[in-house]
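Numbering (my numbering), first residue to last: 21 to 131. Every residue, glycine too, gets a C-beta built ideally from N, C-alpha and C.
This is the structure:
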């Protein structure tokens, strides 16, 4: 800070110094505000992406649960079918129709 012997020069020097400090502070404030706005926009985009991924995860979990339930139902129906009398008769029929090994029906080792 400039110091002089007259009061008028002191006021001018103080005013110049205050103006310089205010201008520097204003410039720094403006730069900081722009950095904060940029960071906010970037974080908003990231948060939007995270929210979309979370919604997709929930949707996929629901889809997996639905498919698991369907698979359990199909497995139960298959198990009931395999233990039914009709399937037991069908398997017995297939066993009877299957060619026996070493029988005369096989030609030259072909099946």
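Query                                                                                                                           : Result
My output table needs one value for residue 120: the three-state DSSP class, helix, strand or coil.                             : coil
Within 10 Å of its beta-carbon, does residue 112 have 16 or more other beta-carbons around it, so buried, or fewer, so exposed? : exposed
Where residue 90 and residue 78 are concerned, what is the direct C-alpha to C-alpha distance, given to the nearest angstrom?   : 18 Å
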